[in-house]
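S.K.: With my numbering as the guide, the letters of the sequence shown map in order to residues 6 to 426. All C-beta atoms, glycine included, are put in the ideal place defined by N, C-alpha and C.
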Amino acid sequence: MNARVVVVVGIGGDGWAGLDESRRRAVLGADVLLGGERHLAMMPDEVVGERVAWPRPLRSRLPDLLARYSGRSIVALASGDPLVAGVATTLIGLLGPESVEVLPAVSSVALARARMRWPAETVAVLRDHRELPGVLAPGQRLVVLSADRHTPGDVARALAVAGFGDSVLTVLSDLGSPAEARQSCVARDWDPGRAVPQLHVLAVECLAGPTSRPLGVAPGLPDDAFENDGQLTRRDLRASALSRLAPSAGELLWDVGAGAGSVGIEWMRAHPSCRTVSVEADPERAARVERNAARLGVPSLEVVHGRAPQALEGLPQPDAVFVGGGGTAPGLLRQCWEALRPGGRLVAHAVTIETERVLIDARAEFGGELVRFRVEHADSIGSFTGWAPARAVVQWCAIKPFAVMADSAAAADSGETGETS
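#1: Is the number of C-beta pairs between the region 275–284 and the region 298–316 that are closer than 8 Å three or more?
#2: Just curious, the alpha helix (DSSP H) that ALA292 is in, first and last residue?
#3: Under 8 Å, do ARG243 and GLY264 count as touching if we go by C-beta distance?
#4: Would you kindly report the start and end of the unbroken beta strand (DSSP E) that includes THR360?
#5: Would you list the one or two residues that DSSP bridges to CYS341?
#6: Taking DSSP as the reference, what is the three-state secondary structure of ALA254?
#7: What are the complete alpha helix (DSSP H) segments, minimum 4 residues, inside the region 50–77?
#8: Does the region 145–156 come close enough to the region 44–64 to have 3 or more Cβ pairs within less than 8 Å?
#9: Using 8 Å as the threshold, is the region 312–320 in touch with the region 362–377, meaning 3 or more CB pairs across them?
#10: Look at the alpha carbon of PRO197 and the alpha carbon of ARG43, and state the distance between them as a whole number of angstroms.
#11: Which one of ARG122, LEU250, ARG187 has the shortest CA to CA distance from GLY329?
#12: So what's ASN7 in DSSP terms, helix, strand or just coil?
#13: Considering only their Cβ atoms, is the gap separating ARG132 from PRO202 smaller than 8 Å?
#14: Less than 6 Å between C-beta atoms, sequence neighbours within five positions excluded: which residues of the same chain meet that for THR425?
#15: Using 10 angstroms around the beta-carbon of PRO406, count the other beta-carbons present and answer buried if the total reaches 16, otherwise exposed.
#16: For a quick check, are the C-beta atoms of ALA397 and PHE378 less than 8 Å apart?
#17: Where does ALA129 sit, in a helix, a strand or coil, going by DSSP?
#18: Inspect the beta-carbon positions of THR95 and LEU88 and report whether they are closer than 8 Å.
#19: Let me know if GLU126 comes out buried or exposed under the rule of 16 or more other beta-carbons within 10 Å of its beta-carbon.
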């Protein structure tokens with residue numbers, strides 16, 4: 006789209022005065038200066054490049070804007086470090102890393118930590134305050150990149166609901182500018198009508214109360230953490246399935262026949278960059294998955310309302326697949342297997358003889374392991390206690406092998422092994 010490099014210049018609350026020589030030189034040499042109205046207004050008269058405000062919505066209109074100024078030197082102004090939830094990330098995704106140069110300022114996250122005297126290794130950063138339930142823990146320190154002036158109130162309510170109402174919220178506004186200010190409040194005492202500047206970062210020190218129930222990060226959340234109608238992968242089986250699905254940073258899971266969405270939700274809680282597409286045919290259950298995801302801190306989980314395998318068409322290629330329901334649908338397991346990336350993991354559960362037969366056949370064709378679980382829980386028998394067995398569940402797990410290149414195999418057969426041949 007534009008072979009020339011777009012230079013992204015980070016700017017702090019102190020504006021032009023805070024720019025070092027390299028960033029000033031970049032701005033002064035630009036034919037076109039892109040940025041928000043606030044940032045453009047910070048530039049002095051000696052900056053002669055054409056000033057263009059960001060279009061709205063940014064992502065959909067940015068390609069046309071860049072194409073309009075193709076062949077001219079472009080500088081984009083951004084707050085602080087443009088690679089911390091900033092426009093540089095968007096530009097790199099659009100143009101590629103070789104076409105974007107980044108000259109950062111001190112990020113708002115770094116400034117917030119400095120003001121709070123919090124070492125970086127003791128702080129978690131939230132770019133979306135709706136992810137709060139996924140990181141709540143006694144003593145946790147959070148820096149929240151607020152969406153608007155309503156974010157502190159939303160966070161305060163979420164903390165109170167979770168039993169963390171004693172947590173301390175500190176609003177750090179206009180960081181690095183002459184108007185910088187701070188205000189603190191206990192979450193349960195937050196006044197919904199409290200005035201908060203539009204530009205701010207929120208620091209949270211989490212303090213657990215007697216009603217708090219931290220969920221932790223290990224797989225196998227309590228069953229009652231999920232709203233459900235009985236269609237739920239139970240805790241012990243869920244922990245086993247997730248250990249075999251083995252979520253890693255940035256990976257995508259298909260949760261097929263999602264039910265309450267528990268496996269897909271816990272997959273995303275394993276790492277902030279993990280993604281899930283939950284496929285569910287029942288509309289009430291699909292809506293329930295969305296509610297569970299929002300309540301447990303993974304609001305970006307995607308729900309596809311439809312019946313597999315048809316609903317799988319067009320979905321992005323997964324790194325792992327969990328089939329919790331609908332395993333007897335003709336061709337479902339094969340389609341999931343073929344969709345997997347090499348090295349991908351497929352886990353499926355069966356509670357009926359018919360589905361169990363399908364899993365046995367799948368193991369015969371694709372390999373992997375079969376495990377049968379019989380879980381019993383202590384329950385009352387009159388004035389005594391005995392074991393109450395749940396239905397047995399069969400679990401099939403297989404890892405898709407990496408393809409072997411035909412020429413490599415031929416070379417191995419002939420004894421040709423590169424430099425030693």
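M.R.: Reading from the atomic positions:
#1: In the pairwise beta carbon analysis, the region 275–284 is classified as touching the region 298–316: at least three pairs are separated by under 8 Å.
#2: By one-based count along the sequence shown, residue 292 stands at place 287. First-last of the alpha helix (DSSP H) with ALA292: 288–300.
#3: Position 238 of the sequence shown, counted from the first residue, corresponds to residue 243. Position 259 of the sequence shown, counted from the first residue, corresponds to residue 264. Against a cut-off of 8 Å, the Cβ pair of GLY264 and ARG243 comes out as no contact.
#4: Locating residue 360 in the sequence shown gives position 355, where the first residue counts as 1. THR360 -> not in any beta strand (DSSP E); alpha helix (DSSP H) instead, spanning 358–371.
#5: For this step, residue 341 is matched to residue 336 along the sequence shown. CYS341 is bridged by DSSP to nothing; it lacks a bridge partner.
#6: Taking the first residue of the sequence shown as position 1, residue 254 is located at position 249. Coil, per DSSP.
#7: Every unbroken stretch of the alpha helix (DSSP H) spanning 4 or more residues and falling wholly within the region 50–77 is given here in chain order: 63–73.
#8: Remark: fewer than three beta-carbon pairs, one from each stretch, lie closer than 8 Å, so the region 145–156 and the region 44–64 are not flagged as touching.
#9: These segments do not touch.
#10: Along the sequence shown, read from residue 1 onward, the residue named residue 197 stands at position 192. Along the sequence shown, read from residue 1 onward, the residue named residue 43 stands at position 38. When the Cα atoms are used, PRO197 and ARG43 turn out to be separated by approximately 27 Å.
#11: The residue given as residue 329 occupies position 324 in the sequence shown. Of ARG122, LEU250, ARG187, the smallest CA-CA separation from GLY329 is found for LEU250.
#12: Within the sequence shown, the letter at position 2 stands for residue 7. Because the pLDDT at ASN7 is just 42, under 50, the model does not fix this residue reliably, and the point stays unresolved.
#13: For the purposes of this step, residue 202 is taken as the residue at position 197 of the sequence shown. For the purposes of this step, residue 132 is taken as the residue at position 127 of the sequence shown. Going by beta carbons, PRO202 and ARG132 fall outside the 8 Å limit.
#14: Here residue 425 corresponds to residue number 420 of the sequence shown, with the count starting at 1. In this prediction, THR425 has a pLDDT of 36, which is less than 50 and means its spatial position is unreliable; nothing more can be read from the coordinates.
#15: As a position in the sequence shown, residue 406 is number 401, starting the count at 1. By the neighbour-count definition (other C-beta atoms within 10 Å, threshold 16), PRO406 is an exposed residue.
#16: Taking the first residue of the sequence shown as 1, we reach residue 397 at position 392. Taking the first residue of the sequence shown as 1, we reach residue 378 at position 373. Yes.
#17: Locating residue 129 in the sequence shown gives position 124, where the first residue counts as 1. Looking at ALA129 - three-state DSSP - the assignment turns out to be strand.
#18: For the purposes of this step, residue 95 is taken as residue 90 along the sequence shown, with counting starting at 1. For the purposes of this step, residue 88 is taken as residue 83 along the sequence shown, with counting starting at 1. Taking the C-beta atoms as reference points, LEU88 is found no nearer than 8 Å to THR95.
#19: For the purposes of this step, residue 126 is taken as the residue at position 121 of the sequence shown. Exposed, because fewer than 16 other Cβ atoms sit within 10 Å of the Cβ of GLU126.
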